[in-house]
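Asks:
Protein chains: 4
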Amino acid sequence: MTTTPGSDAGGEIGGCLAHQEGKNMLNHGGIDYTTYLKLDQVLGAQCLQSEIHGDPAHDEHLFIITHQAYELWFKQILWEVDSIRDVFNNVGKGATLGATVRTLDEGKTMLILSRLNRINQILKLLVDQVMILETMTPLDFADFRNYLAPASGFQSLQFRLLENKLGLKQEHRVRYNQKHYQEVFKTHPQYVQMLEDSETEESLMVLVQRWLERTPGLEEDGFNFWGKFKASVMDMLGDELQEADSEEDPMIKEDKMAQYKKQRDAFESIFDEDKHNILVARGDRKFTHKAMQGAMMISLYRDEPRFHQPFQVLTQLMDIDSFLTKWRYNHVTMVQRMLGSKVGTGGSSGYHYLRSTVSDRYKIFLDLFNLSTFLIPRDRIPPLTQSMHRKLSVFDRNDDSGISLDDLRDLSN
Amino acid sequence: MTTTPGSDAGGEIGGCLAHQEGKNMLNHGGIDYTTYLKLDQVLGAQCLQSEIHGDPAHDEHLFIITHQAYELWFKQILWEVDSIRDVFNNVGKGATLGATVRTLDEGKTMLILSRLNRINQILKLLVDQVMILETMTPLDFADFRNYLAPASGFQSLQFRLLENKLGLKQEHRVRYNQKHYQEVFKTHPQYVQMLEDSETEESLMVLVQRWLERTPGLEEDGFNFWGKFKASVMDMLGDELQEADSEEDPMIKEDKMAQYKKQRDAFESIFDEDKHNILVARGDRKFTHKAMQGAMMISLYRDEPRFHQPFQVLTQLMDIDSFLTKWRYNHVTMVQRMLGSKVGTGGSSGYHYLRSTVSDRYKIFLDLFNLSTFLIPRDRIPPLTQSMHRKLSVFDRNDDSGISLDDLRDLSN
Amino acid sequence: MTTTPGSDAGGEIGGCLAHQEGKNMLNHGGIDYTTYLKLDQVLGAQCLQSEIHGDPAHDEHLFIITHQAYELWFKQILWEVDSIRDVFNNVGKGATLGATVRTLDEGKTMLILSRLNRINQILKLLVDQVMILETMTPLDFADFRNYLAPASGFQSLQFRLLENKLGLKQEHRVRYNQKHYQEVFKTHPQYVQMLEDSETEESLMVLVQRWLERTPGLEEDGFNFWGKFKASVMDMLGDELQEADSEEDPMIKEDKMAQYKKQRDAFESIFDEDKHNILVARGDRKFTHKAMQGAMMISLYRDEPRFHQPFQVLTQLMDIDSFLTKWRYNHVTMVQRMLGSKVGTGGSSGYHYLRSTVSDRYKIFLDLFNLSTFLIPRDRIPPLTQSMHRKLSVFDRNDDSGISLDDLRDLSN
Amino acid sequence: MTTTPGSDAGGEIGGCLAHQEGKNMLNHGGIDYTTYLKLDQVLGAQCLQSEIHGDPAHDEHLFIITHQAYELWFKQILWEVDSIRDVFNNVGKGATLGATVRTLDEGKTMLILSRLNRINQILKLLVDQVMILETMTPLDFADFRNYLAPASGFQSLQFRLLENKLGLKQEHRVRYNQKHYQEVFKTHPQYVQMLEDSETEESLMVLVQRWLERTPGLEEDGFNFWGKFKASVMDMLGDELQEADSEEDPMIKEDKMAQYKKQRDAFESIFDEDKHNILVARGDRKFTHKAMQGAMMISLYRDEPRFHQPFQVLTQLMDIDSFLTKWRYNHVTMVQRMLGSKVGTGGSSGYHYLRSTVSDRYKIFLDLFNLSTFLIPRDRIPPLTQSMHRKLSVFDRNDDSGISLDDLRDLSN
């Protein structure tokens with residue numbers, strides 16, 4: 033699975049030293065820093081078009097370096113996203129052999145967490161990195177921008193792959209110049225292939241949903257969280273209605289009643305699966321009904337040991353969306369400064385197109401943000417049964433078929 | 033002047049598309065993003081040694097990307113440092129043809145300023161970037177660090193070039209394993225040559241000093257700043273002595289007297305050129321006596337238009353030192369976390385060596401930091417003469433031989 | 033001029049130690065850190081409503097501290113904005129006595145610059161500070177948010193004052209719950225008064241415009257920049273039209289023609305003062321026609337010494353807008369996470385209202401961003417006359433009536 | 033337990049609205065933003081000494097605001113540190129009633145983690161905040177610094193409290209002017225009392241150690257981690273010795289032998305409890321021998337579910353040290369710039385004193401950084417027994433007396 037233009041990810045070593053060669057080299061005194069990092073290759077990749085055209089522009093060097101640094105980090109993020117998807121799927125190094133169902137080994141949640149955190153640290157850097165390009169003035173940019181046409185950031189394969197692998201759907205994209213986003217890659221058939229693959233593979237979004245759907249406690253014939261949650265909400269709404277009803281001041285009454293109705297309608301949209309699905313079809317919600325239940329359960333009972341890390345995972349997923357939108361926002365601000373409403377080098381109406389991507393449509397884990405709408409006060413959260421409480425103290429690990437009584441006796445010593 | 037392993041800087045286009053080719057390509061529809069940024073080359077340069085050894089370690093990818101990103105930015109900083117040195121020397125694009133003396137065209141101070149500022153923005157990013165590598169744990173690092181030996185950050189050619197071009201002197205370096213810092217490059221003779229060149233070229237430090245030495249107002253037969261400044265300090269010290277003398281409380285008197293002597297000795301070290309030179313020989317000061325006078329003059333009269341930008345330049349130079357030491361400090365903290373007091377992959381005792389470079393010895397513009405020791409209250413600053421005041425309102429530009437009376441008449445309309 | 037609820041700014045010392053008292057204290061051993069910073073007062077101002085209601089919520093402490101830290105910094109920003117306005121107006125300490133016209137002393141541009149830069153450093157911190165509040169989860173917030181009603185960030189007097197003093201106009205504000213923004217302050221008549229004052233005083237925006245309108249070179253009977261700029265643009269458009277006309281490929285021709293027309297229309301909107309004024313009336317532009325000419329002149333000739341700092345001022349003004357919108361954006365993202373689409377404590381529909389303020393309507397210096405639309409290539413910039421070139425080498429300072437020939441003779445030595 | 037000058041922490045509400053009052057207010061329409069945040073008090077606390085002395089200095093306002101913002105955040109950090117210590121001690125809201133031994137409820141590790149993370153987010157902000165004060169120049173500072181004497185940052189009660197509560201010991205402090213650090217507080221007896229209390233209370237360091245000492249797996253009659261670890265290390269050292277012995281090249285042999293001895297000595301210092309204690313007495317180590325074993329166990333088996341969060345806790349504790357030292361470092365750099373080697377307002381030799389606090393002596397959790405010295409390759413880590421493996425899948429929670437067989441049967445369904 034080659035993920036990027038020059039990628040050696042996933043096992044094959046094209047372009048890298050062959051296995052044997054590498055070993056030989058090591059025998060003869062090892063590898064040095066420059067060779068290891070292939071610096072000849074990396075530091076020899078800055079070709080100023082303005083120089084080639086005989087009209088060197090000092091700032092083009094910054095322009096190239098900045099974009100290359102972005103692409104290096106994009107490659108790293110893709111590397112992490114791919115590995116996280118593998119862990120969710122229980123494949124790859126350390127996976128349980130012979131496991132029939134591919135589900136997350138709960139012992140691996142920390143791994144997911146630490147890699148999501150790494151992605152966020154990188155994204156935070158990329159958000160700040162925008163400021164460096166802002167040290168170039170519009171006039172300095174004008175000195176070489178004509179030489180770049182039609183190259184454009186819209187042609188960043190890795191950024192599109194990232195969006196797809198996270199789970200951005202084709203139908204949620206804003207059309208750019210009325211065209212399919214793959215259009216710009218048409219001269220690179222292998223890129224188009226990679227993009228199509230990334231659309232058909234299971235995205236992080238899909239895997240997260242499947243994982244949420246299996247949240248312990250959702251079983252209708254078990255703890256039946258959703259049933260209990262709904263009952264509690266109904267109680268709460270009932271109390272609110274009564275309070276509104278018994279209000280004497282007509283203006284306050286009206287206010288309270290309006291408030292009550294708004295709440296009731298909001299909750300109806302999650303309890304009524306059909307209404308939920310309509311919102312999904314419209315793009316206003318993205319999770320399946322069951323996944324949403326799982327996310328809500330984890331949020332409300334995050335203090336239980338078994339949910340500690342799943343709750344952190346949900347937080348990190350939101351952080352990814354936050355940083356990506358902040359990046360989009362900083363990027364569009366920079367473009368406005370640099371180009372005003374000029375047409376971009378790629379032919380798109382730059383600023384306006386980019387501005388439209390800073391929107392909730394581009395948030396993959398939008399439902400996690402909106403979850404807060406449905407939070408209920410702590411004293412209304414359905415209490416755990418003893419058995420559920422215990423269940424949330426013990427991890428489920430794929431490496432054995434369950435805990436035997438013998439093991440348990442051993443444990444209780 | 034090839035500045036880095038794969039550099040195309042300075043005019044020749046080795047590795048880049050030849051001039052004609054470039055133009056042809058443009059005729060046939062131009063260049064695309066991937067080609068422009070040579071992404072095949074850049075994104076194909078991540079070869080995991082752990083993979084080559086048949087024992088892939090996930091985090092080695094991060095390790096490589098991080099270091100490559102550092103090197104890309106180092107190349108950009110070198111690009112800016114080289115250009116700033118050219119501007120100080122009045123060479124390169126836009127230089128005054130036929131100028132006999134190579135001095136800074138004051139019209140170009142803003143250019144210097146904006147490039148210094150860019151360097152600082154980049155350094156700030158690099159300081160933050162350290163945190164990303166900290167997402168790798170020591171145990172994860174242990175999974176592949178043996179495969180890297182003897183590669184080591186000590187072998188970063190660009191970082192050494194940067195230190196030299198800024199003006200770090202060989203004799204101020206801490207010896208690493210008792211060896212000359214060029215030792216690690218001995219298998220790359222061309223690198224050793226580049227390092228030696230960078231030691232013999234005029235460093236930024238040297239150029240800044242020469243520029244400061246020409247600060248208007250230093251002329252002994254003119255405004256004679258240093259004479260006036262010294263007289264004012266003597267006055268101030270006299271008043272302090274008198275105040276101490278007339279103090280009645282013996283303990284306070286002793287305190288004041290001690291304070292007075294400390295001040296007097298400090299000022300003596302700048303007024304007595306011999307004492308100053310002893311400190312320079314010892315490495316406790318770095319500027320020539322005259323350059324120090326210029327820096328002091330600019331600091332005290334920074335409100336005069338002609339000194340606005342020189343003052344900002346001095347501030348940016350200090351920022352470079354600040355960020356570099358912060359980077360060294362963050363780096364050493366990360367190394368301690370990763371390796372404890374283990375021996376580094378390059379064979380050095382990592383932590384302790386690095387810790388010793390976080391020191392004032394490595395500050396190039398140390399004297400600018402210490403200038404504050406010698407500041408005097410605003411009301412003791414020698415007043416400008418009318419003629420000096422005027423002089424500091426008019427810029428000196430290399431593009432003409434001086435301002436003729438005709439021009440001046442024109443101006444005064 | 034008391035700028036904030038508890039302000040001692042602007043001279044009077046309400047709440048501070050009286051002059052004499054202060055001196056006495058100093059005589060008796062001076063002041064200590066706690067007293068100086070009034071820490072009893074500052075650190076005694078955290079009253080948890082949840083505690084008062086007998087139901088202490090740990091995270092309310094963070095909520096209070098964060099908002100107080102914001103307000104402290106807002107006070108500092110107001111302090112700087114007020115001082116910058118004074119400098120533009122040539123009032124306050126250091127102003128030229130007896131100056132009949134209140135215009136900026138060019139010797140003070142650096143002061144403006146350093147204070148604008150300080151504002152931006154603070155705003156950058158405030159943007160980052162949002163992340164701290166995000167360490168509170170929605171459920172933790174739910175524990176105390178009911179006790180806060182109807183307190184709301186919409187009631188931050190200082191933030192509204194800041195918007196007004198920068199130059200945000202009432203008509204560009206998004207209506208919040210269909211109400212005038214002063215509505216929330218109706219129980220504090222003195223705040224309403226302060227807000228009204230801040231609307232009628234000359235805002236930074238107004239002062240910046242007045243300054244730009246006086247940019248040297250705009251004089252129609254002098255260098256006549258605008259006339260020359262227009263001629264150059266016309267030339268450029270003519271060339272583009274010709275190029276389009278002579279294109280043989282019909283599709284490319286159509287493209288080029290469309291591009292030409294778009295450009296022509298854009299330029300028409302700045303050359304035709306009536307069209308410009310229509311855009312201003314609509315809120316799509318904000319500068320007067322003359323101020324826009326000044327900004328363009330400075331941008332194109334920023335390499336001239338006298339424009340170095342004005343150009344930096346323009347950049348810093350854009351930075352203020354950028355940081356403010358980034359802050360708004362980060363803030364709204366945090367609110368979405370915390371509340372979903374719940375109604376905010378102040379009764380507003382939080383998320384949606386805030387989302388609508390992240391818009392170009394709220395950018396004060398919008399025209400500076402859009403300036404890039406009208407940049408022309410360096411080789412089309414009208415050349416300076418010798419006299420203009422000289423003029424841009426000499427600063428205009430209020431402290432004398434002009435440069436006499438005697439002075440000039442002195443200078444030319 | 034009043035923690036700070038004006039603190040209302042810990043239950044009593046001095047200075048806050050009394051309980052009843054608060055409720056009344058709420059009944060009459062609730063509280064508004066300004067009242068809630070006590071902005072009159074907070075924003076009325078900026079008294080410029082320079083103004084009081086009739087010589088207003090613009091930048092003193094920044095100086096005050098910056099320090100007040102620091103103190104606000106210090107209060108927040110103390111609030112979190114106190115609460116974390118309570119959770120470690122199993123006291124406070126949510127503690128298990130009637131628990132005889134005060135030990136951490138493992139269900140609360142996430143709470144600790146999220147609060148440690150919050151502290152680190154705040155510290156990161158404080159590190160960046162130093163740059164804002166750097167916008168003030170030394171000359172601007174000189175305009176008012178004389179009025180502040182002898183106020184000094186050394187008099188920050190909260191910072192000293194923080195150091196003590198984290199666990200900095202008196203004997204590890206650098207003496208400042210040869211004096212005990214409490215000296216500067218002698219005119220505030222209640223502060224001295226608070227400092228002494230903070231020294232005698234159990235610090236976070238003490239509580240962390242006690243928690244580490246109870247790490248499951250350390251029991252000598254159980255899994256006996258330390259015994260197994262030592263055996264594995266001995267094996268490893270044996271192999272290294274053999275490899276060195278069988279080396280033929282005499283120079284490489286010498287190298288390998290030296291390396292082996294260095295390793296052997298290092299490990300001896302942790303296996304030999306007496307040697308360990310000597311290092312502790314010297315201040316080179318800080319943990320008890322048992323606590324160090326716990327930290328090592330958690331680091332090596334961090335992939336086990338029950339150690340996921342403890343491992344993150346260790347990481348966050350190191351982050352606190354890292355940020356504090358970075359803050360110290362940035363602070364000292366700023367002081368050097370502002371004062372050179374001038375004597376500080378508090379009478380200390382500022383720069384040199386502060387420089388000496390940027391040292392490993394001030395790292396509370398120093399041993400966690402040095403742990404990496406003793407890491408062994410993954411394949412040498414002693415394998416878990418089945419019983420130990422299970423034990424590390426189940427959380428220990430204080431709320432029941434153990435897991436009964438019935439519960440277990442329930443679980444295994």
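Protein chains in written order, with my numbering: chain A, 33 to 445; chain B, 33 to 445; chain C, 33 to 445; chain D, 33 to 445.
A virtual CB, placed ideally from N, CA and C, is assigned to each residue, including glycine.
1) Whose Cβ in chain A lies nearer than 9 Å to the Cβ of ASN452 of chain B?
2) Just the Cα atoms here: how many angstroms apart are ARG369 of chain B and GLN81 of chain C?
3) Pull up the distance between the alpha-carbon of LEU110 of chain D and that of LEU239 of chain D, whole angstroms please.
4) Within 9 Å (strictly less), CB to CB, does VAL426 of chain D reach chain A?
5) Decide yes or no for the touch test of the stretch 61–81 of chain A against the stretch 66–83 of chain B: beta carbon pairs closer than 8 Å, at least 3 of them.
6) What is the residue span of the alpha helix (DSSP H) that GLU195 of chain C lies within?
7) Along the stretch 320–347 of chain A, what residues have a CB closer than 7 Å to any CB found in chain B?
8) Can you give me the Cβ contacts of ASP267 of chain C inside the same chain, cut-off strictly under 8 Å, excluding the 5 residues immediately before and after it?
9) Is DSSP giving ILE396 of chain B helix, strand or coil here?
10) Rounded to whole angstroms, what's the CA-CA distance from TYR25 of chain A to GLN161 of chain D? Just pull it up for me.
11) What residue does the alpha helix (DSSP H) around LEU171 of chain D start on, and which one ends it?
12) Tell me, please, whether the CB atom of GLN368 of chain D is closer than 9 Å to any CB atom in chain B?
13) Using only alpha-carbon positions, find the residue among D:LEU171, D:ASP87 and D:PHE257 that is nearest to TYR333 of chain D.
14) Please determine if the stretch 139–146 of chain D and the stretch 90–105 of chain D are in contact, where contact requires at least 3 C-beta pairs separated by less than 8 Å.
15) Starting from the C-beta of GLU272 of chain B, find all residues in its chain whose C-beta is less than 8 Å away, skip the five residues before and the five after it, and write them out in chain order.
16) Please state whether the Cβ-Cβ distance between LEU227 of chain D and LEU189 of chain D is less than 9 Å.
17) Please list the terminal residues of the continuous alpha helix (DSSP H) segment that includes SER115 of chain C.
18) Does DSSP put PRO337 of chain A in a helix, in a strand, or in coil?
19) Does SER391 of chain A pass the burial test, meaning 16 or more other C-beta atoms within 10 Å, or should it be called exposed?
20) Using alpha carbons as the reference points, say which of C:ASP399, C:SER184 and C:ARG422 lies closest to GLY446 of chain D.
21) From D:LEU155, D:GLN153, D:ILE302 and D:GLU234, pick the residue whose C-alpha is nearest to that of PHE261 of chain D; which is it?
22) Could you check which residue in B:ASP351, B:HIS340, B:HIS212 and B:GLU166 has the C-alpha nearest to that of LEU198 of chain B?
23) Taking the straight line between their C-alpha atoms, what separation do you get for GLU446 of chain B and SER425 of chain B?
24) Against chain C, does LYS107 of chain D count as a neighbour if the rule is that its beta carbon must be under 9 Å from one of theirs?
25) Please name the residue or residues paired with VAL450 of chain C in a DSSP beta bridge.
26) Alpha carbon to alpha carbon, what distance is there between GLN348 of chain D and GLU138 of chain D?
27) For ILE97 of chain D, which residues from the same chain have a beta carbon less than 7 Å from its beta carbon, with the 5 sequence-adjacent residues on both sides left out?
28) Measuring only the C-alpha atoms, how far is GLU286 of chain A from THR389 of chain C?
29) Which chain A residues are close to LEU403 of chain C, counting only those with a beta carbon under 7 Å from its beta carbon?
Replies: In this structure, then:
1) Absent from the model: residue 452 of chain B. The displayed extent of chain B is 33 to 445, so no value can be given.
2) Straight-line spacing of the CA atoms in ARG369 of chain B and GLN81 of chain C works out to 42 Å.
3) Cα-Cα distance, rounded: 16 Å.
4) yes
5) Put simply, the stretch 61–81 of chain A touches the stretch 66–83 of chain B. At least three CB pairs are less than 8 Å apart.
6) 189–198
7) none
8) ARG412
9) coil
10) Only positions 33 to 445 of chain A appear in the structure, and residue 25 of chain A is not among them; the question remains open.
11) Counting along the chain, the alpha helix (DSSP H) containing LEU171 of chain D begins and ends at 170–174.
12) Interface criterion met: the Cβ of GLN368 of chain D is under 9 Å from a Cβ in chain B.
13) D:PHE257
14) no
15) Within the same chain, GLU272 of chain B has close Cβ partners LYS288, GLN291, TYR292 and GLN295.
16) yes
17) 92–120
18) helix
19) exposed
20) Given a span of 33 to 445 for chain D in the structure shown, any question on residue 446 of chain D remains unanswerable.
21) With distances taken between Cα atoms, PHE261 of chain D lies closest to D:ILE302.
22) B:ASP351
23) Since the first residue shown for chain B is 33 and the last is 445, residue 446 of chain B is missing from the structure and cannot be characterised.
24) The beta carbon of LYS107 of chain D sits closer than 9 Å to some beta carbon of chain C.
25) Lying before the first or after the last residue shown, residue 450 of chain C is absent from chain C, which here runs from 33 to 445.
26) 17 Å
27) GLN78
28) 29 Å
29) GLY372
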